[in-house]
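Colleague:
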Amino acid sequence: MNPVLSLRDVHVSFPLSGGRVLRAVQGVDLEIPEGGIVTLVGESGCGKSTLGKVLLGVLPPTRGTVHFGEVQLWARGFRWTRELRLQVQVVHQDSYASLNPVHRVQTILGGPLRAHGLVRGAQEAGRAVRELLERVGLTPADYFAAKHPFQLSGGQRQRVALARALMLRPRLILADEPVSGVDASVRLSILELMKELNREEGIAFAYITHDLATARFFGAGHPMGVMYLGRLVEWGEVGTLLDNPRHPYLKALLAALPPPDPLQARQVGLLPLKSLDLPDATRPPSGCPFHPRCLLAEARCEAGDPPALLDGVACHLVEGR
Amino acid sequence: MARRLLTSLATIAVAMTLTFVLIRQMPGDIVHQWAVQLQMQQGISYEQARLQAAAMINYNPDIGLFEQYFSYLGGLLTGNLGLSLTYRIPVSLVLVQALPWTLLVTTLATFLSFVVGCGLGLLGALRRQSLLDPLLTLYATLSQALPPFLIGLLLLLVFGIGLEWLPMRGNYTPDVEPGLNLPFLLDVALHAVMPVMAFALPAMGDWALAMKASATSVLGEDYLHVARARGLKPRRILLRYLGRNSMMPLVPSLATALGSALGGSMLVEAIFGYPGLGFFLAQAIDRRDYPLMQGIFLISTMGVVLFNLAGELVLARLDPRLRR
Amino acid sequence: MRTARPTLLPLRAGLLRVAGLAWLVGFLLLLVGCTSRPPPLGVFCGAGEWDIPPAYHGNPWAPGGVGAAAPYVYEPLFVHVASTGQYLPRLGTSFTEGPDGRELRVSLRPGSSWHDGTPLTSRDVQCTFYLGALRGMPVWSYLDSVECPDPATVLFRFRRPSPLGRVDALTEPITSPVHLFGQHLPAILELGGAQVAGGGGDAQPLDPELAARLRGVREVLFRFQPARPVGTGPYRIGRVTSAEMSLEAFPQHPETDRLAVRRVRLLRWGSNEVIWSYLLAGQLDAAAPACPPDVASEILRRRPTVRMLTPSDLSDLGVLLNTRRPPFDDLRVRQALARLLDRDLVRRVASPFSETFGGLQVGMGRQIARRWLPAETLASLEPYELDPERASRELEGAGFARDSRGRWFGPEGPVRLELLAPEGQSDLVLLAETVAAQLEAFGMETEIRVLKRDLYSARLSDGDFDLAASFGGQLGRYGDPTLAMERFFMPGGQLQMASGLPGVLDGLDVGALSAGLRLVRDPLAKKETLGRLASLAHQELPFLACFEKRLTLFLNDGTRVQGWPAEEDPLWTALPAGAETIYATMLATGRVRPAEAR
Amino acid sequence: MSALRTLVRNRRALLGLLGLVFFLLIALLGPELLPLDRMPDPDRRFEPPSLTHLLGTDYAGRDTLVQLVHGSRDIIQISFFTGFFAVLLALAVGLTAGLLGGWIDGILTALTDVFLTVPQFPVMAILAALMRVGDPVTFGLVLGLWAWPGLARSLRSQVRALREREFIEAARVMALSPVWILTRELLPNLVPLVGVYFIRVARDAITVSVGIMLLGLVPLKVENWGMMLNMATFQSGALYVPRAWAYLLSPLVAIVAFQFCLIQLASGIEELVDPRLRRRA
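Residue numbers (my numbering), protein chains in the order written: chain U, 265 to 585; chain A, 27 to 350; chain F, 53 to 650; chain P, 1226 to 1506.
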């Protein structure tokens, strides 16, 4: 199957004051298949949101290539066309900031539809918006169409954002932590809705999260990448990865998850790491970037280049190296 | 920080140039000004009066703007602000004499209004259901609507003319010996009461409102509950935690207020005949004394910039997020 | 969870509390405990202007001068009482005039000395006049030289004898002791006073080199700034602040025994309403601000010891008309204006204590006119009486018409007038307002602009206005209508310049005629010329007088000082020359003395 | 329409709005109902309030109420135009600086700083000597010339903050045009800020215009509120005449009341806009 989007050796770095450079993304290769789902997990600050912006096409990579289908983005002579733009849409983490607070839902959704000439006149727009709202489970649609974003709950706002993302018929939706700001009780229903859209409309999803539980739920059966300090450190099918983690980092993350049994939960403390804090990304450690926090780190982890992603995992210590 | 300092300097320079050009665009040059006065006094013809006037101030009005500007700049570099056209004494001498009086009144007024205003605001935040709150808001709104010079006039009417409690004008009576002695200090303080009040009364309302808002938001913070839970005395909580923490966001604007008070004292000082910067500025504008006007503009602009800078510094010290 | 730690100011709460409390207590104490005390008995409180410290200095010639202290610190040779023509001796005891008016010999009062102890001689008088030349003193238009035959005698020699020149010479305050100012004298003596003064009609213009040299001399003179003025007067300056000046008696003054009031306190004038407030608070013993009737009665009500006098100012107030541009370039319109304005209404609003100005617009009040103008001239003029009907007819005759809403239209469209008034002069502002109200009611749109004094006069001399509230005839310290006629007709005269009245009227060179008036010594010839000019003023109407100004003079008799003369005293007619000089004279002669304690 | 409804629900805003409507009505209808008679009647000067003269008379015996009513037009126009020009300038400077960034932003920010630094009133005094003003529009322009920097500064920072907001990113990936983004997404968010500032400036304009009138920049109109105050304090001495309290207080109270309404409306809007305050309300 052809990938919707493929990244080859993508680097993103930001110049900071004082000549320092923040390397947010380093050497990432990624393919998102048509109608598929790719999950990216990692702590906050690991560069997954920056990678998201590259996927979205709003941030050019400092190095490497991005292909939308056959088209190479950011190549010499490349120009955005509307069709290209509309192929990827987004659902943000902060549902409040992602919807214009001064407009009603009707305008938020109807405005772009009319701007793109997909509907004509207020009546047609109203009908289209109502259909959309029903599609994302906001009923009665008339009631929600008349609301301002601040009058909705977090979950409802994410549904509106989802509706906005899908209404222009994209091939891929980037979902950047779509449920982290939503009450736990409605998380599942939103993820369920996204899965449904993936299944029924054939829209591919790039799902970015720090929450392994939702990753397992949403990305099951699809590939997942684990990011650490701007690099992919592990890659594989979600279930496989979560059941048999190979990289010490993922192992640590999984160890911190509370087990389903509440009686056991107390015994699990914090992340089993040397240090809780992520290293300063502007001064990454030598060698394997994970070594200052890794409980298993050896001398060779500190020296030389960071390990490459071989066989789905980037670690000096994994068997077979 | 060096960058910030540099932009401040640039701001001063541009503001100075702007006022320099503006001042010299005023119609009615200084010779004309004096000529008209002479004509009225002596009933002579205009030509004659103009000759006399030019003689009186010994000034050549026919030097070009650019030439004037560059010679002024040259003087500035050596710390020379020029000679006042009307007084024939160095501008810096006038400034040195006038600045302390303005500083006295504006700092007194600003700190007084700050302290009282913050106190009232704190009370207002604590007793939000009582009558104090709407009264405070009403006072603040009313005082915003009454400019200081009108308040000054009313004060004059009540305390100067009506009750005859306070001296109406000036900075001290000539009967007292200036220096570090009690009668002089008392006399100065007495003369300062009305000008200070004219500035402080309206400003108080603003501070009270700001303090109330700030204290209200602090009241919702966790550490207050923690402090209360730790069993600290209410008074201690009030002052140490609530008072201080809600006052902090206001400190930078305190610096800014001090700065702008320097430039805003013209009308009030004129009403009370108080010999500060504003008083001399009004005189200088009246008599088209360009070097003096320029000097006063320069010093008040510098005041605003410096106090703003100080405000930013204080803010940076208070808010660790900005320190980097 | 980490608890949020409050960031604390590096300040002790206790310190803050104490400081705050100290503030409050201090201010309350000040407010309640200390109240200002009025100055004690026997101190005279006057008002005036001066440059405030640090600009204040003791050089009368440097810009700013010595301010309000001058009449108390310096003495003139004589004080001129305009109404009687009398000269009251001060530094001079007597004077004799040569037969052709070319010589004036003045004897000085014996025993006079400067405040620093140096005796006064005729050289000091000479020095004063020659330094005055450096500043263009007007008397040099007549003077040839000032000489010192002996230390007690001054001899004035005139190039152009004139009654006005005599007044100028005799009333000039003597300010410049030769031991302080003498260094500048040789240069001026060498050139001659008239030459240096640079005015006076026939003086040759200075060549540039000389002008530059004089500028240098002036700069040196201006730089000389003793801390306090040195005079010969009955008072010396003690201390000066921005709002007050205090003076003490000069013990070596020859007439110091007559001086009953030993201290003078001067308050800063600022503006009229400042003086009102001082009067209301009972802080002044003599002041003559322009004063609305209600404020005056309020002052009199609150201060029972205050009397109000309304002596004449020898001047009149009204509206100046711009004869350069429409509509007032048309004489018929000017005359119509004179008939449509209710000038007495203007007086009643703007200055109720003043006197109604009659229908004769001759540039001077009725009494002065009767004294100075030929009777037949006065009889021949037709007075302008209030007659709006006739005014309308005249306007229609001049090509103006009214529309249905009563608005007047001229050949150039609707009549739109701009009326200027000088800021700070409340009677002129009110005058302007009442005139505008009447014009509006008559159907002429009128916009009032109250301008800063210098802008006002700049626009007047540029002729950039339609109407202006202004002084008309002014007799000033000479008490002579010559000044008024000069203002009206002489090229460069204030009203002439503003109204744009041509120099030749009815085939008469009014410019030359008015300019020569000062030198006419024959009373009959003077009356003749005055009559011709005055009737032209009446006919051409460059200025429409509304009322003859009377001062509102407030005298506080019995609080601190007492003994002010009654309104009839001729001394008050010298008021236009400067009220302070009169107060000083009354103090110096002991007429005003400390009040008796009650 | 619903914005108005929310506005009305806020008590302060409602008070301010009602007051403003009241003043507007007076300005619109008042002069038609009460004709201005400027003819002096010196015998009736400084009369205290009575049935014939509800607010007494002035120094020339004319009705104070009529002057007050006629003066309201001027005050409202001047404050409106001042606000209008200040907002116009601020929008131009603030939006350009915020949207374009780079060296243009640097220059405009520096310019704003300069205007914020130079003391305002003395400059006005000099401008007063420079320009000749005849009508409320030019008056507003002169006042507005120095009133914009505050708003320009907050607009700039607001625009820069909004530019980073996710809904702008969403609009960009939806391939909406820059014009659309500016007019439909950005500007509506700035309306409350601009509105509140407009009211602030309009309010300041009243105080400043009183000061300017003392400087002779504008034609004297007896019915102008600022001029009435000037006449009461400086020219006619009403300040010192107890009988004249009504003439002194009328313009004072009117000015304060008008400003009060503006302030109420402004803080009402602020309360509505600031989500922190709204949650508590």
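By construction, the Cβ of each residue, glycine as well, lies at the ideal position given by its N, Cα and C atoms. Note that this is a predicted model, so its numbers are computed, not measured.
1. Hey, out of F/Pro151, F/Trp616, F/Phe517 and F/Gln546, whose CA is closest to F/Gln526's CA?
2. Please name the residue, chosen from U/Leu560, U/Leu294, U/Ala572 and U/His412, that lies closest to U/Tyr513 on a Cα-to-Cα basis.
3. Buried or exposed: which applies to F/Pro203, given that a residue is buried once 16 or more other Cβ atoms fall within 10 Å of its Cβ?
4. Among P/Asn1414, P/Ala1430 and P/Trp1450, which one has its Cα closest to the Cα of U/Asn364?
5. Apart from the five residues on each side of it in sequence, which residues of its chain come closer than 7 Å, Cβ to Cβ, to U/His580?
6. Within the same chain, show all residues whose beta-carbon is closer than 7 Å to that of F/Leu332, passing over the 5 residues directly before and after it, in chain order.
7. List, from N- to C-terminal side, the alpha helix (DSSP H) runs of 4 residues or more that fit wholly inside the segment 1450-1500 of chain P.
8. With a CB to CB cut of under 8 Å and the five nearest residues on each side skipped, what residues in its chain are close to F/Gln413?
9. If you draw a straight line from the alpha carbon of P/Asp1299 to that of P/Ile1251, how long is it in whole angstroms?
10. Which ranges would you report for the beta strand (DSSP E) in the segment 506-585 of chain F if only whole runs of at least 3 residues count?
11. Round the Cβ separation of F/Pro286 and F/Thr308 to the nearest angstrom and send it over; I've been treating them as touching at under 8 Å.
12. Taking 8 Å as the CB-CB limit, is U/Gln422 close to chain P?
13. What does the Cβ neighbour count give for U/Gly283, buried or exposed, with the cut at 16 atoms within 10 Å?
14. Below 8 Å on the Cβ atoms is my guess for F/Leu656 versus F/Leu627; work out the distance and round it to an integer in Å.
15. What residue range is occupied by the uninterrupted alpha helix (DSSP H) comprising U/Pro404?
16. Measure the alpha-carbon distance for A/Pro160 versus A/Asp213 and round it to whole angstroms.
17. Anything in the segment 1387-1399 of chain P with a Cβ closer than 8 Å to a Cβ of chain U? List those residues in chain order, please.
18. Please list, in chain order, the residues of the segment 1243-1255 of chain P that have any C-beta partner in chain F closer than 8 Å.
19. Have a look at F/Asp621 and F/Glu538 and give me their C-alpha separation to the nearest angstrom.
20. What span of residues does the alpha helix (DSSP H) with U/Glu464 cover, start to end?
21. Looking at the strands, I want to know which residues DSSP matches up with U/Leu280.
22. Expressed to the nearest angstrom, what Euclidean distance is found between the alpha-carbon atoms of F/Ala264 and F/Ala185?
23. Taking DSSP as the reference, what is the three-state secondary structure of A/Ile115?
24. Please name the residue or residues paired with U/Trp499 in a DSSP beta bridge.
25. What is the residue span of the beta strand (DSSP E) that U/Glu295 lies within?
26. Quick check: the segment 296-310 of chain A against the segment 185-200 of chain A, are there 3 or more CB pairs under 8 Å?
27. Helix or strand or just coil, what does DSSP make of P/Thr1342?
28. Could you tell me which residues DSSP puts in a beta bridge with P/Ile1301?
29. Output, in chain order, the set of chain P residues within a Cβ distance shorter than 8 Å of U/Leu209.
30. Skipping 5 residues on each side, what residues in its chain have a beta carbon closer than 7 Å to that of F/Gly411?
31. For chain P, check one thing: does any of its Cβ atoms lie closer than 8 Å to the Cβ of F/Leu352?
32. Below 9 Å on C-beta distance, what does P/Thr1458 contact in chain A?
33. By a C-beta neighbour count over all protein chains shown, 10 Å radius and 16 as the cutoff for buried, is F/Gly253 buried or exposed?
34. If you measure beta-carbon to beta-carbon, which residues of the segment 113-141 of chain A are closer than 7 Å to chain F?
35. Indicate the three-state DSSP secondary structure (helix, strand or coil) for F/Cys200 in the structure shown.
36. Under DSSP, the beta strand (DSSP E) around F/Pro474 begins and ends at which residues?
Modeller: In this structure, then:
1. Walking along the third sequence from the start, residue 526 of chain F turns up at place 474. Minimum Cα distance to F/Gln526 is reached at F/Gln546.
2. Translated into the one-based positions of the first sequence, residue 513 of chain U becomes position 249. Closest by alpha carbon: U/Leu560.
3. Walking along the third sequence from the start, residue 203 of chain F turns up at place 151. F/Pro203 comes out exposed.
4. The sequence position of residue 364 of chain U within the first sequence is 100, counting from 1. It is P/Asn1414 whose Cα lies nearest to the Cα of U/Asn364.
5. Translated into the one-based positions of the first sequence, residue 580 of chain U becomes position 316. Contacts found: Cys552, Arg564, Cys565 and Pro571.
6. Residue 332 of chain F sits at position 280 when you count from the first residue of the third sequence. Counting only Cβ-Cβ distances below 7 Å, and skipping sequence neighbours, we find Glu350, Ile351 and Arg354.
7. 1450-1455 and 1470-1498
8. Sequence index remark: in the third sequence, residue 413 of chain F carries index 361 (1-based). So the qualifying residues of the chain are Ala390, Tyr436, Ala589, His590, Leu593, Phe595, Leu596 and Ala597.
9. As a first step, residue 1299 of chain P must be located in the fourth sequence, where it is residue number 74. As a first step, residue 1251 of chain P must be located in the fourth sequence, where it is residue number 26. Rounded to the nearest angstrom, the two C-alpha atoms are 12 Å apart.
10. 519-526
11. Locating residue 286 of chain F in the third sequence gives position 234, counting from the first residue. Locating residue 308 of chain F in the third sequence gives position 256, counting from the first residue. Right, the Cβ-Cβ distance comes to about 7 Å (below 8 Å), so this counts as a contact.
12. In the first sequence, residue 422 of chain U corresponds to position 158, counting from 1. Not one chain P Cβ lies under 8 Å of U/Gln422.
13. As a first step, residue 283 of chain U is located in the first sequence; it is residue number 19 there, counting from the start. It counts as exposed.
14. No statement about residue 656 of chain F is possible, as the shown extent of chain F runs from 53 to 650 and does not include it.
15. The residue you call residue 404 of chain U lines up with position 140 of the first sequence. Run containing U/Pro404: none; DSSP gives neither H nor E here.
16. Numbered from 1 along the second sequence, position 134 holds the residue referred to as residue 160 of chain A. Numbered from 1 along the second sequence, position 187 holds the residue referred to as residue 213 of chain A. Distance between the alpha carbons of A/Pro160 and A/Asp213: 38 Å.
17. Arg1390, Glu1391, Phe1392, Glu1394, Ala1395, Ala1396, Arg1397, Val1398 and Met1399
18. none
19. Mapped onto the third sequence, residue 621 of chain F falls at position 569. Mapped onto the third sequence, residue 538 of chain F falls at position 486. Whole-angstrom Cα-Cα distance: 29 Å.
20. What you label residue 464 of chain U is simply residue 200 of the first sequence in a count that begins at 1. First-last of the alpha helix (DSSP H) with U/Glu464: Ala448 to Glu465.
21. Counted from its first residue, the first sequence places residue 280 of chain U at position 16. BP columns for U/Leu280 are empty, so no partner.
22. Your numbering for residue 264 of chain F matches position 212 in the third sequence. Your numbering for residue 185 of chain F matches position 133 in the third sequence. The straight-line gap from Cα to Cα measures roughly 15 Å.
23. In the second sequence, counting from the first residue as 1, residue 115 of chain A sits at position 89. Reduced to three states, the DSSP call for A/Ile115 is coil.
24. Position 235 of the first sequence, counting from 1, holds the residue named residue 499 of chain U. U/Trp499 is bridged to U/Gly489.
25. By 1-based counting over the first sequence, the position of residue 295 of chain U is 31. It spans Val285 to Pro297 - the beta strand (DSSP E) in which U/Glu295 sits, taken as one unbroken run.
26. yes
27. In the fourth sequence, counting from the first residue as 1, residue 1342 of chain P sits at position 117. Of the three classes helix, strand and coil, the one that applies to P/Thr1342 here is helix, per DSSP.
28. Here residue 1301 of chain P refers to the residue found at position 76 when the fourth sequence is read from its first residue. Note: P/Ile1301 sits in no beta bridge, so no partner.
29. Because chain U in this structure spans residues 265 to 585, residue 209 of chain U falls outside the shown range and cannot be described.
30. Within the third sequence, residue 411 of chain F is the residue found at index 359, counting from 1. Same-chain partners within the cutoff: Pro435, Tyr436 and Glu437.
31. In the third sequence, counting from the first residue as 1, residue 352 of chain F sits at position 300. Taking Cβ atoms only, chain P never reaches closer than 8 Å to F/Leu352, which makes this a no.
32. Within the fourth sequence, residue 1458 of chain P is the residue found at index 233, counting from 1. Residues of chain A passing the Cβ test: Leu176 and Leu179.
33. As a working note, residue 253 of chain F is residue 201 in the third sequence. Because the pLDDT of F/Gly253 is 43, which lies under 50, any placement of that residue in the model is unreliable, and the question is left without a value.
34. Flagged, chain order: Tyr113, Arg114, Ile115, Leu119, Val120, Gln123, Leu138 and Val141.
35. The sequence position of residue 200 of chain F within the third sequence is 148, counting from 1. Assignment of F/Cys200 by DSSP, reduced to helix, strand and coil, places it in the strand class.
36. The residue given as residue 474 of chain F occupies position 422 in the third sequence. First-last of the beta strand (DSSP E) with F/Pro474: Arg468 to Pro474.
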